Amino acid sequence: MKKLLFFFMLYPFALCAQTDIQDALPSNGVQDSVAETSIILRNNSLIFQKVYSSILHKEELLKKLKVFLPAVKSFQLGNETNQTTDQLSGKLSTYFINYNKYGVNQTGIGGILGYPITADVIIQVKENRYRVTISNIILKSVGDTVKHDVPIEMYLTKIKQPLITKSNQGLKTIIYINNEFSSSFDLNSRDKINDNF
């Protein structure tokens, strides 16, 4: 009788133990990434996140970034009330990926790069380095007859699983997006003048 009573007392705990969903995500929420790029899938959203190094100290780096960022095409620095001594924020609006710069034509990549991109940008500044995070990446005016805005995850992630697509065309598209964002926000880049002319 004691064994039966003991069984009935522990039975509900055994049921809960079998139905709990175990999170297999790393602690920072990264679900997937593409090797040798700064594109990650975090919380079902594609994010570009890269740390750049600099020889400048924090205050000098912050000043130089405030001068440099308006030169980034389609980047709008947020108003002064949202800026701090550690962080700058802004938006990309109608940003086009220049895939021709990498020696390819549009037939070799996903057609989504022909659409303008809007995104939120946060730049965190520390001593001798800064981190650029581009999130909420939206493709503008997608569609033939009815134009609508679409998150980039619709094209570059798998539908039923929170993973980045590994198709050849999808990987090339991600690499071109990564290269474009990496060069656009690199304060140390020497080819800024060449890109603009």
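Heads up, the sequence shown is in the numbering used here, so the first residue is 35 and it goes up one at a time. Glycine is no exception: its CB is placed at the ideal position from the N, C-alpha and C atoms. Because the structure is a prediction, the values reported are computed rather than measured.
Would residue i and residue j qualify as a contact pair, given that the criterion is a beta-carbon distance under 8 Å?
i, j, result
"L103", "L122", "yes"
"Q83", "T191", "no"
"D183", "S169", "no"
"L99", "L173", "no"
"K135", "K92", "no"
"N78", "E187", "yes"
"R163", "Y45", "no"
"Y129", "L147", "no"
Who pairs with residue i in a beta bridge, going by DSSP?
i, result
"K206", "K206 is not bridged to any residue."
"S123", "I156"
"L75", "D66 and L80"
"F109", "L126"
"P185", "I172"
"T191", "I198"
"I151", "Y129 and L173"
Any idea if residue i is buried or exposed, counting beta-carbon neighbours within 10 angstroms, 16 or more meaning buried?
i, result
"T119", "exposed"
"L90", "buried"
"S127", "exposed"
In angstroms with no decimal places, state the Cα-to-Cα distance between residue i and residue j.
i, j, result
"I198", "D66", "6 Å"
"V64", "E70", "15 Å"
"K181", "Q110", "24 Å"
"P60", "S218", "Unreliable placement is indicated for P60, whose pLDDT of 45 sits below 50; the coordinate value is still reported in the next sentence. The alpha-carbon atoms of P60 and S218 are separated by roughly 29 Å."
"V68", "I74", "7 Å"
"N212", "K206", "10 Å"
Assuming residue i is part of the beta strand (DSSP E), what are its boundary residues?
i, result
"F82", "S79 to S87"
Taking residue i as part of the alpha helix (DSSP H), name the residues at either end of that continuous run.
i, result
"Y164", "From DSSP, Y164 is part of no alpha helix (DSSP H) but of the beta strand (DSSP E) over R163 to V176."
"K97", "K92 to F102"
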